[in-house]
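For the sequence shown, full-length UniProt numbering assigns the number 1 to the initial residue and increments by one for each residue that follows. Backbone N, C-alpha and C define an ideal beta-carbon position, used for all residues, glycine too. What follows is a set of notes on a single structure, which appears directly below.
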Amino acid sequence: MHPPRGRRWWHAAVAALVAVAAVLIVHNAWTPSGSDSVGTANRERTTEALPSGSRAAPPTPPASPSHSAKPPASPSAKTEPKASAETSAKATRGPATGSGTSGRARQQPTAAPAGKRLITIVNKTHKTVWAVVTNTAVYPAGRKLAPGQSMSVTVANNWGGRIWGRTGCATTAAGTCASGDCTSVCSGGNPPTTLGEFAFAAFDDMDFYDVSMVDGSNLPMYINVSHTTTVDPVSSSGCYRGRCTAEVTCPKAMRALLNGREIGCKPPCAAFGGDTYCCRGAWAGRENCLPAKWPVDYTRVFKLAAPYAYSYAFDDSATMSCRHQCYYRVTFGTTNGT
Numbered sequence: 001m002h003p004p005r006g007r008r009w010w011h012a013a014v015a016a017l018v019a020v021a022a023v024l025i026v027h028n029a030w031t032p033s034g035s036d037s038v039g040t041a042n043r044e045r046t047t048e049a050l051p052s053g054s055r056a057a058p059p060t061p062p063a064s065p066s067h068s069a070k071p072p073a074s075p076s077a078k079t080e081p082k083a084s085a086e087t088s089a090k091a092t093r094g095p096a097t098g099s100g101t102s103g104r105a106r107q108q109p110t111a112a113p114a115g116k117r118l119i120t121i122v123n124k125t126h127k128t129v130w131a132v133v134t135n136t137a138v139y140p141a142g143r144k145l146a147p148g149q150s151m152s153v154t155v156a157n158n159w160g161g162r163i164w165g166r167t168g169c170a171t172t173a174a175g176t177c178a179s180g181d182c183t184s185v186c187s188g189g190n191p192p193t194t195l196g197e198f199a200f201a202a203f204d205d206m207d208f209y210d211v212s213m214v215d216g217s218n219l220p221m222y223i224n225v226s227h228t229t230t231v232d233p234v235s236s237s238g239c240y241r242g243r244c245t246a247e248v249t250c251p252k253a254m255r256a257l258l259n260g261r262e263i264g265c266k267p268p269c270a271a272f273g274g275d276t277y278c279c280r281g282a283w284a285g286r287e288n289c290l291p292a293k294w295p296v297d298y299t300r301v302f303k304l305a306a307p308y309a310y311s312y313a314f315d316d317s318a319t320m321s322c323r324h325q326c327y328y329r330v331t332f333g334t335t336n337g338t
């Protein structure tokens with residue numbers, strides 16, 4: 001059985017309204033915790049057998065939209081809100097300028113038209129990635145980004161959706177990639193897939209966003225914000241509160257394999273099943289789904305690689321916010337550029 005899917009922002013709108021005070025407090029409490037001066041990527045890695053109960057329970061999360069604890073929706077059911085969007089630039093080499101598919105140098109757009117937002121996606125990995133952005137022209141097949149390439153997408157101010165990368169693709173058609181695949185209409189790639197989740201103008205001129213590894217991980221990912229007075233909690237190189245973005249070191253039992261090759265790291269539910277790791281039965285709900293009480297806290301493998309990311313369905317401390325029509329930069333890659 002698939003694990004709980006990533007967060008459904010739009011399903012939690014009512015909860016966000018009820019929690020006005022808490023959300024505002026959280027927004028005002030963000031501090032510049034990420035800095036390029038943090039240093040090289042954290043080298044800490046997990047072992048095949050993590051100590052039982054070794055991770056402390058996460059801090060009390062803010063009252064904000066959260067990951068759903070329900071089973072995943074049918075792949076054929078599109079859950080994102082309708083929002084107009086259009087691609088604004090072809091894939092280009094490098095984060096700002098470079099040669100596109102035509103071989104000519106292209107300048108990445110630096111601003112969006114009034115009432116629109118700019119999302120830039122950068123591939124800093126050593127593999128080709130097909131970037132998918134729901135509710136845009138870059139969906140469902142994705143836009144091909146060779147190592148070092150980037151692309152920009154212009155979306156509406158009230159856009160909401162997900163961004164992820166497909167790898168090992170034979171063609172542009174959905175359903176032909178080693179990881180990140182889905183059917184012709186889907187809200188996220190099949191597990192394991194790293195997801196970027198967004199809800200623009202969700203409440204009081206604020207966006208909410210996160211990196212989610214609730215469905216496992218197929219690519220390292222971090223998100224930066226700009227065009228805002230909000231202080232970016234993640235540095236431009238992917239560091240957060242003294243720790244930086246790294247590859248997931250996946251326990252053998254959680255490795256997703258294709259023809260003997262590792263293509264990602266499964267979430268605990270998909271790897272082991274059972275009520276405990278799937279947060280069902282006596283383990284259901286926010287109060288009971290506590291990885292620190294599992295026989296082995298396998299969510300640590302994701303937190304060690306991406307300290308800012310959702311590692312399980314109720315890891316709400318990973319929610320981030322940005323005020324007033326922010327621009328976003330989504331990077332596939334690690335702090336050290338792999």
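Endpoints, the alpha helix (DSSP H) within which Arg300 is located: 300-305
When Ala137, Arg300, Ala284 are compared against Pro268, the one with the closest alpha-carbon: When each option's Cα is compared against that of Pro268, the closest is Arg300.
Cβ-based neighbour list, Arg323, same chain, cut-off 8 angstroms, excluding 5 preceding and 5 following: His27, Asp205, Met206, Asp207, Thr228, Thr229, Thr230
Through-space distance from Cys265 to Lys303, alpha-carbon basis: 13 angstroms
CB-CB length for Cys177 against Trp130, believed under 8 angstroms: 7 angstroms
Closest by C-alpha distance to Asp210, when choosing among Asn218, Leu219, Thr194, Ala156: Ranking Asn218, Leu219, Thr194, Ala156 by Cα distance to Asp210 puts Thr194 first.
As assigned by DSSP and simplified to three states, the class of Phe272: DSSP, read as helix, strand or coil, puts Phe272 in helix.
Pairwise C-alpha distance: Gly188 and Leu290: 25 angstroms
Between the CA atoms of Arg162 and Ile119 - distance to the nearest angstrom: 12 angstroms
Backbone secondary structure at Met254 - three-state DSSP: Here Met254 sits in helix by DSSP.
Coarse secondary structure for Cys289, derived from DSSP in three states: In the structure shown, Cys289 falls within a coil segment according to DSSP collapsed to helix, strand and coil.
Rounded distance between the beta-carbons of Ser237 and Thr154, thought under 8 angstroms: In this structure Thr154 does not touch Ser237 by the C-beta definition: roughly 26 angstroms separates them, more than the 8 angstroms allowed.
Beta-carbon proximity of Gly333 to Thr110, cut-off 9 angstroms: no
Val317 - DSSP class collapsed to helix/strand/coil: Here residue 317 turns out to be Ser, not Val, going by the sequence shown. Of the three classes helix, strand and coil, the one that applies to Ser317 here is helix, per DSSP.
Ala114 versus Arg329: straight-line alpha-carbon distance, rounded: 19 angstroms
Beta-carbon proximity list for Asn288, same chain, < 8 angstroms, skipping 5 on both sides: Cys279, Ala282
Asn135 versus Gly160: straight-line alpha-carbon distance, rounded: Approximately 8 angstroms between the Cα atoms of the pair.
Under 9 angstroms between C-beta atoms of Ile263 and Thr167: yes
Met213: first and last residue of the uninterrupted beta strand (DSSP E) it sits in: Met213 -> no beta strand (DSSP E), and no H or E assigned at all.
Whole-angstrom C-beta distance between Ala201 and Asn158, which should lie under 8 angstroms: 5 angstroms
Top-ranked residue by Cα proximity to Ala156, from Ile121, Pro251, Tyr327: Tyr327
CB-CB length for Trp164 against Gly148, believed under 8 angstroms: Contact flag wrong, Cβ pair sits at about 19 angstroms.
Cα-Cα separation, Ser152 to Val122: 9 angstroms
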